[in-house]
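If you want our numbering, it's the 1-based position in the sequence shown plus 3.
What follows is a set of notes on a single structure, which appears directly below.
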Amino acid sequence: MPGFEIFGDEERKEVSDVLNTGVLFRYGFDAARKGHWKAKTFEAELCKKLNVKHCHLCSSGTAALSIALAACGVGAGDEVIVPPFTFIATIEAVVTAGAVPVFAEIDETLCLDPESVKERITERTKAVIPVHMCGAMAQIDAIKAVCDEKCLILIEDACQSLGASFKGKALGTFGQMGCFSFDPVKTITCGEGGGVVTNDEKLYALADSYSDHGHDHIGSDRGRETHPILGYNYRISELNAAVGVAQLRKLDIIIEKQRKHKKTIKTALSQCPGVSFRKLPDELGDSATFLSFFMPDEASTRQLAQNLAEAGVDGCFYWYDNNWHYIRQWDHLKTLNVAAKLPMQLLKYCPDYRKLNLVQSDAIMSRTISIQIKLSWTEEEIESRIAKIVKVIQKG
Ligand SMILES: *Cc1c(COP(=O)(O)O)cnc(C)c1O
């Protein structure tokens, strides 16, 4: 999956442009920068790629989530429906906004179950954040329909799914805002970076200001700009954006390769007894960063994960036991073990996450294994991986 596999001369060239001018800041210094605007270039090219009107680049995917929540007016005391299977950053962004994460179940798409989202809605619900996990889509049409019907804000966490789409429309462009990450283990990387996308001009203006201390970015004298809102600093540097510019131009090739590699492995595994696959609402739109499959029960799945590791098949994930991606191991959240008191803790309705019981999600995650799809594999390597995996599965 990751952009780190293909760091090359293109990235070095873009970074050199920045180093040669010495302008590391994305705003101003118009003469000194000699026409190099890396963050702006990235934003324009991402808009084109995703067929979306606005993009704002920022310092991380987590920052992108914080910016999106702020721009959409989600804050103190608002309930936000989230999945229990995501990278912890989704939850951290909600909590940091002063809002309250409310967990709904996932389904066999490994993403939010639209039926469960409906059941979690209260009079305090303000937004829903589906997370398009492991390169592929939630039932985004059904989730959007629920949000539209109930007048809820839809923010997509597409941090793991750049380049994926549902029925021809890019993930991240279905709701009010979509969020992307360009950290070193995502499909493409800036080293560190993130981005929000939207078709709404007002939300874009808020996101643009919020991520830079409220600056309106009008005119050419930064010190004289006005501040329509209080903001924060979530800026990206030109050095990071420069890496991203080169990486973004490789995205199509990355996705094509991943799809080809994944297809070969999936076809082979579909012959194995007991193996079934993650549901994909639109298989053609899968960015194919992972192949996720189900085994019949928890015991056989955990055993398989262990056997795969012992057989030297790297890049296999059993998320159910993972510290970072599934709620089962999030004791720090359950006990609200925090560095400083959270706004949420002042609320009468602050949830007790120790009492959460996500039966459906547990039943799915305890049977799920994901195999990371690498770009650098040769055909021989893929064949030998398949042989090893099939042998391990058949051994039981
Ligand atoms: C990586 C990731 C994030 C956070 O991105 P960073 O750039 O690492 O801050 C948020 N959500 C999901 C689902 C992610 O995978």
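Ideal placement from N, C-alpha and C gives every residue a C-beta, glycine not left out.
Residue span of the alpha helix (DSSP H) that contains Lys51, given as start and end
Taken as a continuous stretch (DSSP letters only), the alpha helix (DSSP H) holding Lys51 covers 41-53.
Quick check: does the Cβ of Gly178 come within less than 6 Å of any heavy atom belonging to ligand 1?
For Gly178, the distance from the CB to the nearest heavy atom of ligand 1 is not below 6 Å.
Taking only runs that begin and end inside the segment 197-278, name each unbroken alpha helix (DSSP H) of 4 or more residues, in chain order.
Look at the segment 197-278 and you find these whole runs of alpha helix (DSSP H), each 4 residues long or longer: 204-213, 241-251, 254-272.
Unbroken alpha helix (DSSP H) run spanning Ser119, endpoints
For Ser119, the enclosing alpha helix (DSSP H) starts and ends at 117-123.
Short check: CB of Val248 to CB of Thr44, under 7 Å?
Note that the C-beta distance between Val248 and Thr44 is below 7 Å.
Which runs of the alpha helix (DSSP H), 4 residues or longer, sit entirely within the segment 63-101?
With a minimum length of 4 residues, the continuous alpha helix (DSSP H) runs that stay inside the segment 63-101 are 64-74, 92-99.
Using a Cβ distance threshold of 8 Å, determine whether the segment 176-192 contacts the segment 151-163, with at least three qualifying pairs required.
Under the Cβ criterion (8 Å, minimum of three pairs), the segment 176-192 counts as touching the segment 151-163.
Given a cut-off of 7 Å, decide if Ile84 and Val105 are closer than it, judged by their beta-carbon atoms.
A contact, by the Cβ cut-off of 7 Å.
For Gly181, name the three-state secondary structure that DSSP assigns.
Of the three classes helix, strand and coil, the one that applies to Gly181 here is strand, per DSSP.
Within 10 Å of its beta-carbon, does Ile143 have 16 or more other beta-carbons around it, so buried, or fewer, so exposed?
Looking at its Cβ environment, which holds 16 or more other Cβ atoms inside 10 Å, Ile143 is buried.
State the DSSP-derived secondary structure class of Pro104, mapped to helix, strand or coil.
In this structure, Pro104 counts as strand in the three-state DSSP scheme.
Terminal residues of the continuous alpha helix (DSSP H) containing Ala35?
Here Ala35 belongs to no alpha helix (DSSP H), and DSSP marks it neither H nor E.
State yes or no: is the C-beta of Ile376 within less than 7 Å of the C-beta of His264?
Result yes, Cβ atoms of Ile376 and His264 sit closer than 7 Å.
May I ask which residues mark the beginning and end of the beta strand (DSSP E) holding Cys61?
First-last of the beta strand (DSSP E) with Cys61: 57-61.
Pairwise C-alpha distance: Trp40 and Ala245
Roughly 9 Å between the two C-alpha positions.
Quick check: is any heavy atom of ligand 1 less than 6 Å from the C-beta of Val199?
Checking every heavy atom of ligand 1 against the Cβ of Val199, none is found closer than 6 Å.
Ignoring anything shorter than 3 residues, give me the beta strand (DSSP E) runs that lie fully in the segment 364-397, in order along the chain.
With a minimum length of 3 residues, the continuous beta strand (DSSP E) runs that stay inside the segment 364-397 are 371-375.
Ser164, DSSP secondary structure in three states
Ser164 falls in the coil class under three-state DSSP.
When Lys398, Leu53, Gly288, Val97 are compared against Cys275, the one with the closest alpha-carbon
Nearest of Lys398, Leu53, Gly288, Val97 to Cys275, Cα basis: Lys398.
Per DSSP, cross-strand counterpart(s) of Leu157
Paired residue(s): Val131.
Spell out the partners DSSP gives Tyr329 in its beta bridges.
The partner list for Tyr329 (beta bridge, DSSP) reads Phe88.
Let me make sure I understand the geometry here. Which of Ser223, Ser214, Lys52, Ile374 has the alpha-carbon closest to that of Trp316?
Correcting the residue type first, residue 316 is Val in the shown sequence and not Trp. It is Ile374.
Asn236 versus Glu95 - alpha carbon distance:
Their backbone Cα atoms lie some 17 Å apart in a straight line.
Return helix, strand or coil for Ser290, following the three-state DSSP convention.
Ser290: coil per DSSP, three-state reduction.
Between Thr65 and ligand 1, is there a pair consisting of the residue's CB and a ligand heavy atom that are separated by less than 6 Å?
Yes, the beta carbon of Thr65 sits closer than 6 Å to at least one heavy atom of ligand 1.
Bounding residues of the alpha helix (DSSP H) (the contiguous stretch that carries Ala343):
For Ala343, there is no enclosing alpha helix (DSSP H), as DSSP marks it with neither H nor E.
Pop quiz: Ser379 and Pro87 are said to be a contact at Cβ under 8 Å. What is the actual Cβ separation, rounded to whole angstroms?
About 32 Å separates the Cβ atoms of Ser379 and Pro87, ruling out a contact at the 8 Å cut-off.
Just tell me which of Ile385, Ala366, Cys50, Ser62 has its CA closest to the CA of Tyr213.
When the alpha-carbon of Tyr213 is set against those of Ile385, Ala366, Cys50, Ser62, the nearest one is in Ser62.
Given the structure, does Ser290 come close to ligand 1, in the sense that its CB is under 6 Å from one of the ligand's heavy atoms?
When distances are taken from the beta-carbon of Ser290 to the heavy atoms of ligand 1, even the shortest one reaches 6 Å or more.
From the DSSP secondary-structure annotation, give me the bridge partner or partners of Lys172.
Residue pairing of Lys172 in beta bridges, as defined by DSSP: Phe169.
Heavy atom of ligand 1 less than 6 Å from the Cβ of Ser295, yes or no?
No, the beta carbon of Ser295 sits no closer than 6 Å to any heavy atom of ligand 1.
If you measure from the CB of Val393, is any heavy atom of ligand 1 nearer than 6 Å?
It does not: the Cβ of Val393 is nowhere closer than 6 Å to a heavy atom of ligand 1.
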